[in-house]
Structures are given as C-alpha cells and as structure tokens.
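In UniProt numbering, the protein residues as written are 1 to 186. Virtual Cβ for every residue (Gly too), placed ideally from N, Cα, C. None of these values were measured; they are calculated from a predicted model.
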Amino acid sequence: MADSLISSRAVAGAASSSLAATAPANDHKAAGTLQSGLTINAAFLKEIKDDNRQLKTLWDRAGELVAHRQVASNHYSELVGLIEQLCDQLAIHFSLEEAYGYFDDAVDVAPHRSVEAQRLRAQHPGLFTQIQALSDQVARIDRADLEKLAKWIERFDVFQCKFQLHEEAELNLILDSFDDDLGVGD
Ligand SMILES: [Fe+2]
C-alpha cells in the first residue's frame, strides 16, 4: 500500500459501506494515519458518506413506492423521478469506487484478492446499464397499467438484490484485505 489511503473497518463503519481508496499524493495534510501506517483522507470519507447517505435515502423511498403496484401507480411521477435520481447516484457511486482506486488498494494489500476485485469492478457497467434501462422503462409505463407496473417492480426488485450482493461482496473484499494487512486473514 502506498502512502495513500485505505478504507477498512474504520471506513466501512464511517461510511456504512465498503470502500477503500487512494488519496491524491499531495493530499496528505487531510489524511489521518492508521496504526498500520495507512492513512484515511477526510475529504474522501465525506464524499463516501454523502454518497451512501444519499443512496440509502433513495433506496428507502424506492422501497416504499414499489411495495405495492397501487402505491407505485399513486406515486407514479415521484417514482419516475426517484429512479432517475437513483440512476444518477449510482453513476456517482461507481465512479467514486473506481476513481479512488479501492480495487487497486485491496489488491496492493492482498494480491491474491485480485481476481475477486476484477470480478466486482467488472460488474459496474452491467449494473449501471440495468438501472438505466429500468429508469427508461418505468418512464414509459402508463401509470394506470398496474400489470406493467407490477412486472417492472419485479425487475426492479431483482436489480436491487443484485446490487446488494455486489455491495456485500465488495465489503467482504475490503475487510478480508484489511485482515490480510493485519496478518489475521485466511
Ligand atoms: Fe461496486
């Protein structure tokens, strides 16, 4: 690990998510040092926390709106706008994960994790394409067509499950890498 930043249990706890990252090389003043000699960048942590807070708000409200087809129909305009926002936020989320290089850091700490890191990173384009498609589809549904709304909700639920599995796998990768760094990994 370079003299940059790693996320870890500390970051996971702070951000309620699973990201590690690399701070800009000239940004050490904003970074705090962990026991392991790695550093945490305060500005980066704020970005991660803001992103995760926003994502949680969107997922929570989306969950309420898709709980029943009639609810989705009653709040159709809000639902369309919300899914658009979710699409935009996921673009930010994936960009943050990639731009700050947590995949690279996880691999730096534990090179044998590289296959998993590459597998997870490769999921981002597909996940983003799916939420874009879901956003386009819901915008074209007649709000009175409850059958179509129900089918869209089923697809949205599948997407949410996929995203959650992806996030959990990323968190496990980071935590395993952190354990490797501490010498307590498998
Ligand atoms: Fe990801």
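Specify whether the stretch 90-102 and the stretch 65-80 touch according to this definition: at least 3 beta carbon pairs, one from each stretch, less than 8 Å apart.
no
Assigned secondary structure, aspartate 176 (DSSP; H/G/I helix, E/B strand, else coil)
helix
So the candidates are Ala117, Asn52, Glu147, Trp59; which of them puts its Cα closest to the Cα of isoleucine 83?
Trp59
Straight-line gap, glutamine 54 to glycine 126 (C-alpha atoms, nearest Å):
21 Å
Taking 8 Å as the threshold (C-beta atoms), are lysine 151 and aspartate 142 in contact?
no
Do three or more CB pairs link the stretch 44-52 to the stretch 126-141 at distances below 8 Å?
no
Histidine 93 - containing alpha helix (DSSP H), residue span
76-99
Return the chain-ordered list of same chain residues with a C-beta closer than 8 Å to the C-beta of leucine 120, the five sequence neighbours on each side being excluded.
Phe103, His166, Ala169, Glu170, Leu173
With a threshold of 8 Å on Cβ separation, who are the neighbours of alanine 144 within its own chain once the five nearest residues in sequence on each side are excluded?
Ser73
Contact check, valine 80 vs valine 138 under 8 Å by CB: the rounded distance?
6 Å
Decide if arginine 113 is buried, meaning its Cβ has at least 16 other Cβ atoms within 10 Å, or exposed.
buried
Classify aspartate 51 as buried or exposed, calling it buried when 16 or more other Cβ atoms lie within 10 Å of its own Cβ.
buried
Straight-line Cα distance separating phenylalanine 163 from threonine 57:
15 Å
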